[in-house]
Structure formats: structure tokens, C-alpha cells
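Visitor:
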Amino acid sequence: MMGLNIKHIVGFVILCLALIALPWMVGEFELRLISQIACFSLFVLSFTILYGHAGLLSFGQAAYFGVGAYVCALAFKYVAGMPFLAAILLGAIAAGIAAWLIGMFCVKLTGAYFSLLTVAFSQFLFAIAFKWRSVTGGDDGLVVSKNPITLPFGGSIDTMNTTSMYYLILLIVVLCYLACLWLTKTPFWNMVRCCKENDERASFVGYNTYMTKVLAFTIAGFFGGVGGALFAINESFVSTDVIDMNRSFVCLMMAFIGGANSIIGSVIGAAIYTVLTDMISKYTPYWELILGCLFIIIILFFRDGFVSLLPKARALMSKWKTATGKEN
Amino acid sequence: MNSETECQLELKSINTYYGKSHILYDVSMKVRKGELVGLLGRNGVGKSTTLNSIMGVVTPQSGSIIFEGNNICGLQPYQIARRGIGIVPEERRIFPTITVRENLLMGQKPAAGSQGNEWTIDKIYEYMPLLKKLDGNKGGYLSGGEKQMLSIARSLMGNPSLLLLDEPMEGLAPVIVNELCGMIKRINETGVSIILVEGSMRSILQVCQRVYVMAKGAIVFDGSADELEQNKDIQCTYLEV
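These protein sequences, in sequence, are chains S and C.
Using numbering that gives the first Met the number 0, the letters of the first sequence map in sequence onto residues 0 to 327.
Using numbering that gives the first Met the number 0, the letters of the second sequence map in sequence onto residues 0 to 240.
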């Protein structure tokens, strides 16, 4: 891949080893929380590639997260012996199709009108999940009855086991991130970026900007759907919480906390938000107030999110190293 | 010469509006294959609107635009671009966050017809050696003249058979203007027809074979560059400030 050096590879290997060793270092609750962060990071990624790369500010990303979660849960409920990975794929594809259909209407608009239409469609899907009780369970939700994963050479993986689930979610999330990183290096993604910079300019070059944006919207929805399906599996339960407005705004907060223009920022944002929510809510019922203040500070002083602090931290480290080197 | 068969673009009495404002009044013009045509006029007379109408940015309410035998009125800009019309809009609209080479690659597409002899990055660098030196530089860091050159080069990468240049000399130093004029001539010599829109007469007379003059949204003069140079009435009434 472009721009990779030995430092990056070593860093990536160390990170992978640390993530593999994690189940031995933390308890079951923490492991579930980390799996949750992984699911949310894909959800935030779906927002980031839309807003940060394509310049489309969607206020309704929960729609695709929710469709992914519900379709995955329904696949387990209604299809006997539903293969585990197929259920996830089904959820993701359903979310992608939903995003494609919604995107065809939304990307015709720009600015505030685009954002408002994404909210409208998201609320429409929420209403279906809420009202169609016979299928979705309404606000009572659905229990996700997962089947064990049968291995090709015999044996099976217990899907009720937190550690196995952690590894599975981690593997899928890493694959999705690698796919997304590859995608951003393709000529198609250059087109997406050009549409963000100037629609008219891109169309003068001969690009169908409408279809480019619809496709970007669909890809974002697909990744959101994978996140939703994994979330449903991790929680073993789906309710209207996954598809409501609040979920969309949580996604937006996570994205801006991490860095709404950065793919890595989506992991950072999901991690900071989830950990802080868990930590603060242990001590005070007013945890949302504190998170709100944090969000205000980030918007006012760190618009590029926590990911923008990484180069500054690296520069400080190298300064410190130089200083200590001179002293010695 | 059979002008009908050689006619590449023909605007037939087009009337273009922005909302309720009537901008172009029965504008008719012709561009023959391989011709370099100038479109002159003061600010606000409808020169850019004429180009925008050709390019599909705004659709004329009446009249037709025939390009290589087909009516392109009502098509989307990207469909028109794919048929072989390239445009270099005002404000040197290059992509600032990607490199010169990437900007060129963004514009790359095969020729609409089978004209062969397509533009490649190497051919562009041969015609514009300055861009070769700037190959890895980000578009946003180029000077005005360099941006203009890149903008024209990017359009050429789409292998247009007709190129629309909207005030490419605006705001550039005289030395750069001369260089650009030479470049536009060389591009035209490769067989690409060009409509060059300018506010100033000097550069148009330097390069164009035929000139249209616009005033208040209508064509008021259609003739050769020499005829315009000798027609002081048109110059005084419609061009001089």
C-alpha cells in the first residue's frame, strides 16, 4: 500500500498482537465493551466516509445501522439454521440497498435540504421498526438467537462465548477497515473527493456526479449495516434504540470527537465516546451533560477531533527524545 | 467549401433565462471543425452564459444546440463532456488538494469519436513543459498562470473535439498571456476546435480566425478577425470602455 514504511508495519503488527492478547488482559465486561466499540466504529465510519470524504452531512446514519441490525436479527429468527456470516452479510446488503434507494432521492439535494431529507428517511424507517410489532417486536425489541458457527473441518465456534464473539467482530471490523482504506486509494474515490470539492467541476470533466454520490452513499450504508449486524450479534438483542434519531446524533458526536475527516478517527471517536459514557455514567446520572460539554469543547477548539492531536503528540515526543538525547 | 458538412457546433436562436431574467436573446453561432472562434464582449453581456448553455449548466428555453449532428440541448454537463466538449471555466477550477499529475488523470477519458492521436500525460508535458516540472506539486500551490495551464491541460486529457475557454487570460501577466496565446494556437493546430471567450480584444485578434461580438445578450457582430480590427464602429460601441 502507498506510503507504508517499516514503522507502520511494526506498529500494525504490535496493535494486532495487543488486540489478540486482549481477552487475557481484561474481564468479560470490558471485552464486551471493546466489541461494542468495534461495532460502533463501523457505524461512525459510515458517517465519516460520507461527510469527511464526500461532503454529505447525513443526520440519519442510524437508518442503515438499524436496518443491518434488524435484518440480521430477523434472518436468525425466521431462517432455520441461518449461517452466522450469511446473516451478517444479509444485514449489510439490506442496509446497502436501503442506502441506495434513499441516496437516490437525497443526493439530488445539497446542504441543509440533503441533511433534513436523511433525517426524514431515517424517521420513516424508525416508524416501521416501532409500529410493525408483529415483525420487529416494536419497542419490546427482538432477541437475536444466534446459531453456532460450524467450521469446515469439523467442530464449531460457540457464538454465546464473549471471547469468540470478540475475535469474530474484530476480524470483520479489521477487514472492513482494510477494504475502506483500499477503496480510498481507488480512482473512484478520487471522483468522490472531487464531487466534495466542486460538483460542477467534476461534471465538466465528464463524471456522473449524481451516480458517484449515490454509490458513496450506498457504500457508507453497507459499512453502517455491517456495524449494525455485528452490534445485534454482540448484544444478542435489537430494539428501536438502534434506529432512532438519538443513535444518529451519537454517531455524529463520535465522528466529531474522533475526527470527522479521518478513517482512523472513527475508531478513536467510538472508543472515547463509549468508554467515557461507561465511566461517567457509573458516577453521575448527568453523564450526558458532561459529554455535551466535551462535545462543545471539541467543536470550539479541536474541530479535527482527537485524531488531529496525534501528530502534535508525535512532535512533542520527538522533541522530548531530542532533549533527553542531548542531556545524555 | 461545404460549410454545412464541416459545421461542428451550431447554436440556433437560443434563449436562456436565469429564473425570470432573460439573458440570451436568439443567439445563433457556428463553429466549423478545427476553427478557433473568439467570443468578445463587455462584462455581463452573456458570454459565459453562452458557454454554460452549450455545456448544459443552464438549459435554453428555446432554440437548439447541434453538436456534430445531434441536438445536445437538455443533456447533463457530464453527458455533454462525454460527447467531446471540454470546458475550462472561469476561476481556474482545478482540484487543489491533489497533485498536477492526479489532476490530469482525473480528466483522462478516451475520445468520443475515433480520431486517434489522443492526448496523454506525456503529450501534455511535451506541449506544456512547465507542467512536467510541477508534476508532483499540489494544485492549490500553483500560480495563476500555472493553474490556467493545468486547467486547459486537464480538459485536453478528456480528448475533446471542441474546447470552450472562458476568459483564460483574465488577471494574468502579459508575458504569461503571450505564452497562453501561443499554447492555444498550438492546441488548435492539433485539430481541436476552440471557442475562446475574452473581454479584451487584443488576445482574441492575436489568435482567432473568426470573431463574434456580444452585447446585451445578443450577437451584434460576426466576421473575421481582420474585419473586426477594421470596424471601429463595433469596437467603439460594444468593446471599448
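Glycine included, every Cβ here is placed at the ideal spot set by N, Cα and C.
The structure displayed is predicted, hence computed values, not measured ones.
Less than 8 Å between CB atoms is the rule here; does S307(S) satisfy it with respect to chain C?
Guide: Your numbering for residue 307(S) matches position 308 in the first sequence. It does not: the Cβ of S307(S) has no partner Cβ on chain C nearer than 8 Å.
Visitor: Return the chain-ordered ranges of every beta strand (DSSP E) run that is complete within the region 202-256 of chain S and spans a minimum of 3 residues.
Guide: Listed in chain order, there is nothing to give.
Visitor: Based on the DSSP secondary-structure assignment, which residues constitute the bridge partners of M28(C)?
Guide: One-based indexing of the second sequence puts residue 28(C) at position 29. BP columns for M28(C) point to L10(C).
Visitor: Going by the beta-carbon positions, is the gap between A119(S) and Y63(S) smaller than 8 Å?
Guide: Counting from 1 along the first sequence, the entry for residue 119(S) is found at position 120. Counting from 1 along the first sequence, the entry for residue 63(S) is found at position 64. Not a contact, by the Cβ cut-off of 8 Å.
Visitor: Starting from R100(C) and walking both ways along the alpha helix (DSSP H), at which residues does that stretch end?
Guide: For this step, residue 100(C) is matched to residue 101 along the second sequence. Where R100(C) is concerned, the enclosing alpha helix (DSSP H) stretches over V99 to M105.
Visitor: Residues of the region 27-44 of chain S with a CB closer than 8 Å to any CB of chain C: list them in chain order, please.
Guide: Under the 8 Å Cβ criterion, the region 27-44 of chain S contributes no residue.
Visitor: Does any CB atom of chain C fall closer than 8 Å to the CB of Y206(S)?
Guide: One-based indexing of the first sequence puts residue 206(S) at position 207. Yes, because at least one Cβ of chain C sits closer than 8 Å to the Cβ of Y206(S).
Visitor: For a contact meaning CB atoms closer than 7 Å, what does I86(C) contact in chain S?
Guide: Reading the second sequence from its first residue, position 87 is the one you call residue 86(C). The answer, in chain order, is F203.
Visitor: Short of 7 Å Cβ to Cβ, which residues in the region 142-159 of chain S face chain C?
Guide: Listed by position, the residues of the region 142-159 of chain S near chain C (Cβ gap below 7 Å) amount to none.
Visitor: Please list the terminal residues of the continuous alpha helix (DSSP H) segment that includes D121(C).
Guide: Position 122 of the second sequence holds residue 121(C). Here the alpha helix (DSSP H) through D121(C) covers I120 to Y126.
Visitor: Could you check how far apart the C-beta atoms of G257(S) and S265(S) are, in whole angstroms? I think they sit under 8 Å.
Guide: In the first sequence, the residue the question calls residue 257(S) occupies position 258. In the first sequence, the residue the question calls residue 265(S) occupies position 266. That pair is a contact at about 6 Å.
Visitor: Name the chain C residues whose beta carbon is nearer than 7 Å to that of C193(S)?
Guide: In the first sequence, the residue the question calls residue 193(S) occupies position 194. The answer, in chain order, is F94 and M105.
Visitor: So with Cβ pairs under 8 Å, would you call M54(C) a contact of chain S?
Guide: The residue labelled residue 54(C) in the question sits at position 55 within the second sequence. It does: the Cβ of M54(C) has a partner Cβ on chain S nearer than 8 Å.
Visitor: Rounded to the nearest angstrom, what separates E178(C) and F58(S) at their Cα positions?
Guide: Translated into positions along the second sequence, residue 178(C) becomes position 179. Translated into positions along the first sequence, residue 58(S) becomes position 59. Roughly 50 Å separates the two Cα atoms.
Visitor: What residues in the region 3-26 of chain C bring their beta carbon closer than 7 Å to a beta carbon of chain S?
Guide: Those residues of the region 3-26 of chain C that come within reach of chain S (Cβ to Cβ, closer than 7 Å) do not exist; the list is empty.
Visitor: Going along the chain, which residues of its own chain have a beta-carbon closer than 8 Å to the beta-carbon of T98(C), five neighbours each way excluded?
Guide: Position 99 of the second sequence, counted from the first residue, corresponds to residue 98(C). The answer, listed in chain order, is D134, G135, N136, K137 and G138.
Visitor: Name the two residues that bound the continuous alpha helix (DSSP H) containing R41(C).
Guide: Locating residue 41(C) in the second sequence gives position 42, where the first residue counts as 1. No alpha helix (DSSP H) holds R41(C); DSSP gives it neither H nor E.
Visitor: What would DSSP say about F66(C), mapped onto helix, strand or coil?
Guide: Stepping through the second sequence from its first residue, residue 66(C) is reached at position 67. If DSSP states are grouped into helix, strand and coil, F66(C) belongs with the strands.
Visitor: Just reading off the beta strand (DSSP E) that V172(S) is part of, what are its end residues?
Guide: Taking the first sequence and counting its residues from 1, the one referred to as residue 172(S) is at position 173. That residue, V172(S), is in no beta strand (DSSP E); its alpha helix (DSSP H) goes T161 to L182.
Visitor: Going straight from the alpha carbon of T273(S) to that of M210(S), what length do you get?
Guide: Here the question's residue 273(S) lines up with position 274 in the first sequence. Here the question's residue 210(S) lines up with position 211 in the first sequence. Taking the straight line joining both Cα atoms gives about 35 Å.
Visitor: Spell out a yes or no on whether the region 88-102 of chain S and the region 222-235 of chain S are touching, meaning 3 or more CB-CB pairs, one atom from each, closer than 8 Å.
Guide: The region 88-102 of chain S vs the region 222-235 of chain S: in contact.
Visitor: Out of curiosity, what's the CA-to-CA distance linking T48(C) and S12(C)?
Guide: Here residue 48(C) is taken as the residue at index 49 of the second sequence, counted from 1. Here residue 12(C) is taken as the residue at index 13 of the second sequence, counted from 1. Each residue's Cα considered, the two are about 14 Å apart.
Visitor: Can you name, in chain order, every residue of its own chain whose Cβ lies under 6 Å from the Cβ of G54(S), other than the five neighbours on each side?
Guide: In the first sequence, residue 54(S) corresponds to position 55, counting from 1. Correct list, in chain order: K195.
Visitor: Strictly below 7 Å CB to CB, what residues from chain C border N197(S)?
Guide: Here residue 197(S) refers to the residue found at position 198 of the first sequence. Those are R92, listed as they occur along chain C.
Visitor: Secondary structure at E188(C), three-state DSSP: helix, strand or coil?
Guide: As a first step, residue 188(C) must be located in the second sequence, where it is residue number 189. Of the three classes helix, strand and coil, the one that applies to E188(C) here is helix, per DSSP.
Visitor: Which residues of chain S have a Cβ atom closer than 9 Å to the Cβ of G73(C), listed in chain order?
Guide: Against the second sequence, residue 73(C) aligns to sequence position 74. Going along chain S, no residue has its Cβ under 9 Å from G73(C), so there is no contact; the nearest lies around 15 Å.
Visitor: Just to make sure I have the definition right: I need the residues of chain S whose C-beta is within less than 7 Å of the C-beta of G157(C). Which are they?
Guide: In the second sequence, counting from the first residue as 1, residue 157(C) sits at position 158. Per Cβ cutoff of 7 Å: V204 and G205.
Visitor: Taking 8 Å as the CB-CB cut-off, is E101(C) touching chain S?
Guide: Here residue 101(C) refers to the residue found at position 102 of the second sequence. Chain S contact via Cβ: present.
Visitor: T149(S): buried (16+ other C-beta within 10 angstroms of its C-beta) or exposed?
Guide: Within the first sequence, numbered from 1, the residue matching residue 149(S) stands at position 150. By the 10 Å Cβ count, T149(S) comes out exposed.
Visitor: Assess, as a yes-or-no matter, whether the region 142-157 of chain S is touched by the region 8-25 of chain S under the definition of 3 or more beta carbon pairs within less than 8 Å.
Guide: At 8 Å Cβ cutoff, the stretches do not touch.
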